[in-house]
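This report refers to the structure that appears directly beneath it.
In this note's numbering, the protein residues as written are 91 to 351.
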């Protein structure tokens, strides 16, 4: 169906990339694709078992993978993740900030703990991961960061106020850091996927099949996306093929944001 997914992105062989939220969905698909391209991957996620499963797939295909279980809401995690990467591989070439916290609820149902966890995971962690990674990235010929945002940062959806707010903030961070880090040769780009077939939807939908039908109806192309469709774009933005691209936040949503009311 998606013949473009067979495209091989050049220039990433041997490049070490940290991928957060790597235990499932977009992060796992990205790790598998990077491994197939010859790129050692550092898999970050809250639960070790899913990370080990993805790592086994990467190594079985001839790649290299390091699992770093971490709660990104913990302020100490960014430095520990980067240190683990450098201890194992001795270099860092790319960073994919993919992990996210999402809860759908009206404002009356929010408490400060859940609010703070969204901010810590969705915006504080990417900021300080980039900060921790910067010294090593500056030494790399690739020097690329990809932040995974969401169409929810642009669309107005009831119940998504906090999630959408953090994704909008991530878009702003992508663009401002692209300008700040450009003199260092570090590129910062973002992708804003629409609805993608990942486990995250189970966090808010009781009837997943009905949720997928509804999500597909909100997309002009008439379907939700596949994780590997996003992973393909992530590897492209990481790679030297996108060397003249920074500060972009690319909608990858089947036309969802252009069709908004």
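Where is the CB? At the ideal position from N, CA and C, for every residue including glycine.
- Does the Cβ-Cβ distance between residue 162 and residue 126 come in under 8 angstroms? no
- Task: Could you have a look at residue 91 and say whether DSSP puts it in helix, strand or coil?
- Result: Reliability fails at residue 91, whose pLDDT of 37 lies under 50, so the model's placement of it is uncertain and no value is given.
- When we look at the beta-carbon of residue 97 and count the other beta-carbons within 10 Å, is it buried (16 or more) or exposed? exposed
- Which word fits residue 262, buried or exposed, when buried means at least 16 other C-beta atoms lie within 10 angstroms of its C-beta? exposed
- Task: Whole angstroms is fine: what's the gap from residue 258's alpha carbon to residue 239's?
- Result: 8 angstroms
- Label residue 206 either buried or exposed according to how many other C-beta atoms from any shown protein chain fall within 10 Å of its C-beta, with 16 as the threshold for buried. exposed
- In the structure shown, what three-state DSSP assignment does residue 72 receive? Residue 72 lies beyond the residue range present for the chain, which begins at 91 and ends at 351; the question has no answer from this structure.
- Shortest alpha-carbon distance to residue 173 belongs to which of 191, 139, 221, 308? 221
- Message: Would residue 260 and residue 237 qualify as a contact pair, given that the criterion is a beta-carbon distance under 8 angstroms?
- Response: yes
- Task: Below 8 angstroms CB to CB, which residues in the same chain sit around residue 116 once its five sequence neighbours on both sides are set aside?
- Result: 188, 238, 283, 286, 288, 317, 320, 321, 324
- Hey, would you say residue 137 sits closer than 8 angstroms to residue 113, going by beta carbons? yes
- Exposed or buried, which one is residue 233 when buried takes at least 16 other CB atoms within 10 Å? buried
- Query: Does the distance from the CB of residue 309 to the CB of residue 254 come in under 8 angstroms?
  - Reply: no
- residue 348 burial status per 10 Å Cβ neighbour count (16 or more: buried): exposed
- Query: Skipping 5 residues on each side, what residues in its chain have a beta carbon closer than 6 angstroms to that of residue 210?
  - Reply: 163
- Task: Go to residue 316, then tell me how far its alpha helix (DSSP H) extends in each direction, as first and last residue.
- Result: No alpha helix (DSSP H) holds residue 316; DSSP gives it neither H nor E.
- Message: Assuming residue 220 is part of the alpha helix (DSSP H), what are its boundary residues?
- Response: 215 to 227
- By Cβ distance below 7 angstroms, which residues in the same chain neighbour residue 204 in space, the five residues on each side in sequence not counted? 193
- Query: Quick one: what does DSSP say residue 184 is sitting in, helix, strand or coil?
  - Reply: strand
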